[in-house]
Structure formats: structure tokens, C-alpha cells
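Below is one structure, written out as C-alpha cells, with a few remarks after it.
Residue numbers (UniProt numbering): 1 to 164.
See below:
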């Protein structure tokens, strides 16, 4: 059930209003409170603002909480290509191998959308499961090929050759 607190917190996070968010969090409400749409402040935050993410995570926001569509914020961040926010989430123990409702990992989304810096980071600096298949049987590499993300395909092929 939505709490007025969740609406206020989510609204400030979505706008990227660090000052208002800081003020609200000083009242010590539930940082994981849902807004009227069932999403938390972390789930609706301005994705390209790692300061907002850091503040919410420091106050106990759950980075692996999924919304009703099956997405965790790390899926959204990878899909949108915000490497700095992805790094912040991982610093606070977000699960790099969390599946969305279709079995996609953050790596699937970054590869599908062609976000090369995010793909490179996930391949080289995390324990992302490169061979993981979603519910349709596709790996992140398969999605990069399907969506013609040629630079991502090349990096993934080079990384696979390096690992073998």
C-alpha cells in the first residue's frame, strides 16, 4: 500500500532534488516505501544521478527490490547506459546477475541497447554471467547480434576469445 511518505520521497528522487531528498530522509521514514504506483524512490530516481542513488542506498534502500514489472533498478540503469550509477549500485551489493521477469540480466539489457561502456564494465569488472540465457534462450551476445550492436558484438567476441 502506498504511503504519502513514499510519494514525497519518490517525487524528490525522480526530479533529482538532492536537497529535498536529504531533508525528507532526515525524518527517518522508510526509504523503501512505495509511491502510489508501487515503486520506491530508488526505482524512480533520476538514473543518471549517482549522488541520489548513493544517498538512498546509504539510508538502506534495497538495490535488488523489483517493481511489479519484474525490473530491479540495475536493469533500468544498464538499459539506459548509466555506468556511474551502475557502479554505485554494485558498490552497495546490488546483484549483477538478478533476472528480470523474462530472465534478462543487466548485461542482456546493456548489450541489447548497445551501451558499450556498461557492457565492457560488466564483462571485465564484475562476475556477470556471460553465458546466462533468458527465457527465450538468448544470451546477451545473442541480443547484441540481433539488435545489430556491432561494437558490443566485437567486444564480447574478443572477451570470449580472451577467456578461452
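Just so it is clear, CB atoms sit at the ideal spot from N, CA and C, and this is done for glycine as well.
Beta-carbon gap between residue 50 and residue 75 smaller than 7 Å: Position 50 of the chain shown, counted from the first residue, corresponds to residue 50. Position 75 of the chain shown, counted from the first residue, corresponds to residue 75. No, they are not a contact pair.
Of the residues 15, 29, 133, 11, the one placed nearest residue 100, counting alpha carbons only: What you label residue 100 is simply residue 100 of the chain shown in a count that begins at 1. Here the closest residue by C-alpha is 133.
Specify the secondary structure class of residue 22 as computed by DSSP and reduced to three states. The residue given as residue 22 occupies position 22 in the chain shown. When DSSP states are grouped into helix, strand and coil, residue 22 belongs to the helix group.
Proximity of residue 140 and residue 94 at Cβ, strictly below 7 Å: In the chain shown, the residue the question calls residue 140 occupies position 140. In the chain shown, the residue the question calls residue 94 occupies position 94. No, these two residues do not count as a Cβ contact at 7 Å.
Which of the three DSSP states is assigned to residue 145 in this structure? Along the chain shown, one-based indexing puts residue 145 at 145. Of the three classes helix, strand and coil, the one that applies to residue 145 here is helix, per DSSP.
Per DSSP, what kind of secondary structure is residue 152 in: helix, strand or coil? Along the chain shown, one-based indexing puts residue 152 at 152. Looking at residue 152 - three-state DSSP - the assignment turns out to be helix.
If residue 68 and residue 38 are in contact, beta carbons under 8 Å, what's the gap, nearest whole angstrom? Counting from 1 along the chain shown, the entry for residue 68 is found at position 68. Counting from 1 along the chain shown, the entry for residue 38 is found at position 38. Sure, about 5 Å apart at Cβ, within 8 Å.
Residue from 118, 114, 108, 7 with nearest C-alpha to residue 89: Residue 89 sits at position 89 when you count from the first residue of the chain shown. Per the Cα distances, 118.
So, are the CB atoms of residue 169 and residue 151 less than 7 Å apart? An answer regarding residue 169 cannot be provided, because it is not within the stretch 1 to 164 covered by the chain.
Tell me whether residue 93 sits in a helix, a strand or coil according to DSSP, three-state version. Numbered from its first residue, the chain shown carries residue 93 at position 93. Looking at residue 93 - three-state DSSP - the assignment turns out to be coil, as it is neither helix nor strand.
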